[in-house]
Amino acid sequence: MDFGYSEDNERFRQQIKDFLKANVSREFRAEVREMQGKGMGPLAKELILKIGEKGWIGMSWPEEYGGRNADRIDQYIFEEELVRARVPLNIGNFIEQAPAIMSAGSEAQKKYFIPRLVRGEVTFALGYTEPSGGTDLASLKTRAVEDGDEFVINGQKTFTSGAESASHIYLMARTDPDSPKHDGISIFLVPIDTPGITIRPLWTLAGGRTNEVFFDEVRIPKTAILGEKNQGWYIGSKALNLGRAGAMRYYTYVSLFEETLYFARSNPLGQQLMADEIARDKMAELYCEAQVARLFTLRSLSMIRRGINPPYEISSEKVWGPEFLVKSTEVVSQILGPYHQLWEGSELAPHRGSFPKRYVSAMVSTFGHGSTQVMRDAIARRGLGLPRGAV
Amino acid sequence: MDFGYSEDNERFRQQIKDFLKANVSREFRAEVREMQGKGMGPLAKELILKIGEKGWIGMSWPEEYGGRNADRIDQYIFEEELVRARVPLNIGNFIEQAPAIMSAGSEAQKKYFIPRLVRGEVTFALGYTEPSGGTDLASLKTRAVEDGDEFVINGQKTFTSGAESASHIYLMARTDPDSPKHDGISIFLVPIDTPGITIRPLWTLAGGRTNEVFFDEVRIPKTAILGEKNQGWYIGSKALNLGRAGAMRYYTYVSLFEETLYFARSNPLGQQLMADEIARDKMAELYCEAQVARLFTLRSLSMIRRGINPPYEISSEKVWGPEFLVKSTEVVSQILGPYHQLWEGSELAPHRGSFPKRYVSAMVSTFGHGSTQVMRDAIARRGLGLPRGAV
Amino acid sequence: MDVLLNDDEELLRDQARAFLIKESPTALVREVEAGSKDYDAALWKKAAELGWLGITFPELYGGTPAPFSDLGLLFEEMGRGMAPIPIHPTLVAALTINEIGSAQQKESLLPAVIGGYKMLSWAWFEHGGDIDLASVQLAAKVEGDCLRLSGNKLFVDGFQQADQCLVVCRSQSGSTGNEGITLVLVDTDSEGLSHSRLPTLAGDIQDELCFDDVAVPLGNVIGQLHEGGEAAVAMFERAVILNCAMMVGASHKAIEMTFEYAKEREAFGQPIGSFQAIQHMCANMVTWVDGATLLTHEALWKLSQGLPASKEISTAKAFCNERCPAALREGNQIHAGIAQIKEYDLQLWYRRVAAWSMRMGTSIQHRRIVAREIDIVPK
Amino acid sequence: MDVLLNDDEELLRDQARAFLIKESPTALVREVEAGSKDYDAALWKKAAELGWLGITFPELYGGTPAPFSDLGLLFEEMGRGMAPIPIHPTLVAALTINEIGSAQQKESLLPAVIGGYKMLSWAWFEHGGDIDLASVQLAAKVEGDCLRLSGNKLFVDGFQQADQCLVVCRSQSGSTGNEGITLVLVDTDSEGLSHSRLPTLAGDIQDELCFDDVAVPLGNVIGQLHEGGEAAVAMFERAVILNCAMMVGASHKAIEMTFEYAKEREAFGQPIGSFQAIQHMCANMVTWVDGATLLTHEALWKLSQGLPASKEISTAKAFCNERCPAALREGNQIHAGIAQIKEYDLQLWYRRVAAWSMRMGTSIQHRRIVAREIDIVPK
């Protein structure tokens, strides 16, 4: 067991810190605040390109695809520092399709997409979920029908976050309506500006944006399919699983707690509230549980680095982390009391009113990318070998 | 809504208190301690008979069966005072078969059993559970085969608590092996000294006793059947449901907390531990939750008094109460720390070492008489109308 | 002893519910929340016409003498219907005026309140969000026939709509705890009194008040000068239990919506409500909200009887604060994606229950009261 | 950075596990618990022969220089195998002797310990069960070339088997906190030292000690007179994390038994492990125990590196105290009836994990340390 970072790791961490110090300006932070829920502003796009040029996006991928064969721990450190510096570029999210493209894509797709993903020029919105089913992807209804050299797509996706600023949609559609549910599905890499695609915003409680995406006779070339036809379910499942590892997601779960910790130490109101021993006990309890979230992520990374495909450990992350996040918002709400309800727009609101926003948006983590219920099913069945039910 | 007791209720409560003061001697308490896990001693049996003579057992039943048509609230008060005075006569447990006998029994059975139950002369051990299945009663294997005027019983029961001191066993056995699972079952009222019955003790973690009961060619007259042949499942379910209402059970759930409260107020160590504000917060949390257990019981009683058969409320009691009990043992263990592990036999052990005993025996409440899982199923399906699953 | 509602109570509940379904549709709730107006005047008028603003008040002033628990049941329906009217702050203040005001004050104020012509507010909390009266530091100095107020109040409910605000202040400097407290009714447009709106999670109207040497006639003191501590606590407690009633009412509605959704929504080829995991979540939800309801009713009943109810009120609030949001969180989880979308109605209840759980005392603060009341604080 | 076990660590674990399956069967565990003997001498001898009593100690004294984490892994297996030998108290004392003892003391004591010829104990806790050094009040007065000890110690582990006991005492009267603390090795048969056994939930050997003016030569002081505070804290912390390791090892075994049971046991016509409710309980159990394991390993690793680990140790202990018993509680629930029966083995692990969760600091006490370490206690 080794819970420490090597000197090389620490040097790399310093490099990232220096870069962020030099490149994250006041103007950038102002833009982030202003653009909240409206997509990515020009400074954010610029920063992503700079990060891409540094070779830090997908740095652990093979060199031939634009990566650097870098240590996954360095990638973890990169993501960690990004989130610690509160730079909300969800880079993990729009590169999570890369592993699937690398393993199932055509040579042309790999050559086109991977370097551009690495440079930050291509970003994907995830086109899985449909109005009729969230976690139950196998029941999807969006159809892709062959017509000569093309597929014609009709249907609807929902909760398609980031579609308003993505370059492509990573689309799951049914290509064989007669196959059993999991078998007739394919994945397509569709430019978001393809005619026939309409994006409608859905506004979330925290003031953020997600989307509905409508496909009306959308024509794409056959080369836009990823991997074999009707094999999309298996390609997609794999990407979803790999997509769950990494610091980005872990910090999503604990950042509310870390922010509260910062508040408790440095804000006069925070210190006043911490005079209450019971509040400190609650904070200490959250601290302990946050460490489990961190260690679960490091465990998954350790396994992947060893070439082990974690049978259940990534699902454990995806149960523990989101439920920790939700719990931490509720516990913190009972420490801050009436201050916790203050929305942005008041001097009195701690952290510019971010507490209630985080409170209402925490829920998304417990059902986005697979509900905690489905994750528990997976732990029990894949991890512990418990049988499927007959009733 | 009326959360108060009438003057009549309060008068009755005083009557019980006076009786217990006069009749619960030091010697009785010493016998209880000494006989722990060994059944009932002579003074306990004497006290039950006295209580029976007062007409307080089954006091809410009709007069013709030896009851007094008394208000169920008075019965609740009686049970409450019994437990508050820490008189561990589990009267609720051995009279819970009475409602079934009253509704399904022959006139002869009613005449024989009810008055004797009321006087405390007949006590039942519950012969439901078998080694092959706990909550899944419908799968039971003990057979009762007709032979002339008799039934011949073969099989085994387990976790048959109180069999060592009961006069009868309330036995569920299969009378039609070819019927669907729930339909071929009957209930028998079997004297425990019938030849062919063997009782083997099973010792529990707290040092208490339960039993295995073996039936080897046990012959009983046909008149020992309760209600119609093959209808036992429905008769039994009903009794189980009614058996769940009342103060006895509620106090089983909260008595550990109440004892801890007493300890916290009156014991020097308890007061020392209560100097910790965090410990007080935990105790206050348990207090709040204990009130929910009490109010759930009062809700069920209120419904039954109005003639409503509670669709899910009794199951709520049976989920909340046992889980509260288990939680309270765990919380209290983290308040008392090393003192909590001290077993009887040391001067240092708080409350004569009862804390660890209660800790390890708390579990029984969450699976005895139907697991909390099955109770939640019932709340969801019977209470909320959620559908049964297809998979 | 019968903890269920009696026939009269059921009738009250059913009528209020039916009325609010009709008169307080979510479209109206959304409209008020969007800020076009602070409350719905038509609904306020109708509420007054129905006599709702007079429940528990003497007939002399146009009220209906009824037990306090009736008011609690009405507030449950207000929570369920999310009625966008300032009935909570108005009645919290009015109940205290009725309790300790002079005959003359009651005569001049209560008929107007009950008739729907006067709105009130109450100002209690200060910086730190403490719920102990010791935290009240707003200074009130007697000068001639005036009290002069200086200091701040926070989280003041419905101040912008109110004509007057019942302010809890410390009139004897250097006094501690419950001593030296005065309740005084301040015109909301008094000179020197400024306010700024606090945007909140529930989208309701709360203000920060700044008293800069505000002069209030001594005749506006409600109750005895310097002796208002007990009444201030009682006002707080009534506010808390009516807040619980609203949480409970809103929570019931939200979990019922969830049960219906679980029956209809399909996944993996069957209604999601047929999965045991979902069933058990639903079982927990109803258990928690039922528990919160019974605790709230017991406290309401005790108040109705004129019995001390501090313990019951704090027990209810500590439990509601934790379990009502938890029940709604499970409801969100069962709804999944759409629960986070503004367009979908569930969030209207969710945000309110969440915000209400953050107000009028945290679970930690109320458990501290419970610990005191159950006598485990070493002397 | 690789939080998994490396090959050497896996080998150590596998060998220890295989050995204990063979040499510490539950029949032996039950026999020792029943009281026929205080520990199993044959097992103790074999453990010494395997070099287990010398892990992390210098070769000079017959030990094997290995990281502290190796000892932690061994203790996990001790917990899993419930080995009925006093290895915890002996090594907790010996590690401190190795850390701060004089060369002469080490030479005379450690080879005997490592060889299995000498057993030790340690006495730390006093009335109240506090884990802060300020609670140590056992008085030690210097008189000539002796320390004279008066007072009590509680919950002293393995005292009855031990030859000597490392006692934490307050040698400067009136000193507070970490000041004026001395560690001294006391012969267990010293005049004036009486002890009485405390019967416990785990059926282990704990004693209350009563020191009635017990004279101990100054040469038995381990470390510097009056300066033992830091070493006493370090001793406590090592004891705590080895206790966590035992909890974690025992918990893994108990949940594995449960998963197997859930696959085999049938109800309602199918394995109970196929019910989603049971599956989700199992998913929680493995998540909790895995979390406890990782926290324990991180603390062990920090100690191995000589880094400060107070925060990590208390984090692990606070978490283990709550989640390990909770995991076993779920295991009991899945087993139902038989879980409560002495004859069935599951309870052997259950009682130990429960009892260990009650010792060496409650979750409340350890979270208080965590709060201090994460710097949220206002100055």
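Protein sequence lines correspond, in order, to chains F, Z, D and G. Going by my numbering, the first residue of the first sequence is number 3, and it counts up by one from there. Going by my numbering, the first residue of the second sequence is number 3, and it counts up by one from there. Going by my numbering, the first residue of the third sequence is number 101, and it counts up by one from there. Going by my numbering, the first residue of the fourth sequence is number 101, and it counts up by one from there. Glycine is no exception: its CB is placed at the ideal position from the N, C-alpha and C atoms.
List the endpoints of the continuous alpha helix (DSSP H) containing residue i.
i: L111 (chain D); result: D107 to E123
i: I337 (chain Z); result: E315 to L338
i: Y482 (chain G); result: The first residue shown for chain G is 101 and the last is 479, placing residue 482 (chain G) beyond what the model contains.
i: T396 (chain G); result: Q376 to S404
i: F126 (chain Z); result: No alpha helix (DSSP H) holds F126 (chain Z); the beta strand (DSSP E) holding it covers F126 to G129.
i: R360 (chain Z); result: S356 to S363
i: S367 (chain F); result: V366 to F369
i: S105 (chain Z); result: A100 to A106
i: Y49 (chain Z); result: The sequence given here has Leu at residue 49 (chain Z), not Tyr. Note, L49 (chain Z): alpha helix (DSSP H), P44 to K56.
In three-state DSSP terms, what is residue i?
i: F265 (chain F); result: helix
i: V393 (chain F); result: Reliability of the predicted coordinates at V393 (chain F) is poor, the pLDDT of 43 falling under 50, and the value obtained from them is presented with this limitation in mind. Of the three classes helix, strand and coil, the one that applies to V393 (chain F) here is coil, per DSSP.
i: Q261 (chain G); result: coil
i: K159 (chain F); result: strand
i: E148 (chain Z); result: strand
i: I310 (chain Z); result: coil
i: F175 (chain D); result: helix
i: H326 (chain D); result: coil
i: H342 (chain F); result: helix
CA-CA distance, residue i and residue j?
i: I378 (chain D); j: A240 (chain D); result: 55 Å
i: L22 (chain Z); j: V366 (chain Z); result: 28 Å
i: S188 (chain Z); j: S374 (chain G); result: 30 Å
i: L446 (chain D); j: Y78 (chain Z); result: 40 Å
i: P489 (chain D); j: A295 (chain Z); result: Because chain D spans 101 through 479 in this model, residue 489 (chain D) falls outside it and cannot be assessed.
i: L233 (chain G); j: M381 (chain G); result: 39 Å
i: W449 (chain D); j: M178 (chain D); result: 12 Å
i: E287 (chain F); j: D185 (chain F); result: 45 Å
i: A362 (chain D); j: P371 (chain D); result: 6 Å
Residue i lies in the beta strand (DSSP E); which residues open and close that run?
i: F190 (chain F); result: I187 to P193
i: I222 (chain Z); result: R211 to P223
i: P317 (chain G); result: Q306 to P317
i: Y2 (chain Z); result: Examination of residue 2 (chain Z) is not possible in this model, given that chain Z is present from 3 through 393 alone.
i: W205 (chain F); result: I199 to W205
i: D287 (chain G); result: I281 to D287
Item to check | Minimum length 4: unbroken alpha helix (DSSP H) runs contained in the region 408 to 466 of chain D | outcome: Look at the region 408 to 466 of chain D and you find these whole runs of alpha helix (DSSP H), each 4 residues long or longer: 410 to 435 and 446 to 457.
Next on the checklist: Give me the subset of the region 264 to 297 of chain Z whose CB atoms are less than 7 Å from a CB atom of chain F, sorted by chain position.
Outcome noted: Residues passing the 7 Å Cβ filter: E279, I280 and D283.
Next on the checklist: Counting only Cβ-Cβ distances shorter than 8 Å, please list the residues of the region 337 to 367 of chain F near chain D, keeping chain order.
Outcome noted: Flagged, chain order: I337, L338, G339, P340, Y341, H342, Q343, L344, W345, E346, G347, S348, L350, A351, G355, P358, Y361, V362, S363, M365 and V366.
Item to check | Inside the region 180 to 260 of chain G only - beta strand (DSSP E) runs reaching at least 3 residues | outcome: Qualifying beta strand (DSSP E) stretches, in chain order: 220 to 223, 239 to 243 and 246 to 257.
Checklist entry - What residues in the region 208 to 239 of chain D bring their beta carbon closer than 8 Å to a beta carbon of chain G? => result Answer set for the region 208 to 239 of chain D: empty.
Checklist entry - What residues in the region 390 to 408 of chain G have a beta carbon less than 8 Å from any beta carbon of chain F? => result Taking 8 Å as the Cβ-Cβ cut-off against chain F, the residues of the region 390 to 408 of chain G that qualify are D390, G391, L394, L395, H397, E398, L400, W401, K402 and Q405.
Checklist entry - In the region 421 to 441 of chain D, which residues sit with their C-beta less than 8 Å from some C-beta in chain G, listed in chain order? => result From the region 421 to 441 of chain D, no residue has a Cβ closer than 8 Å to chain G.
Item to check | Under 9 Å (Cβ pairs) to chain G, residues found in the region 30 to 51 of chain Z | outcome: Residues passing the 9 Å Cβ filter: none.
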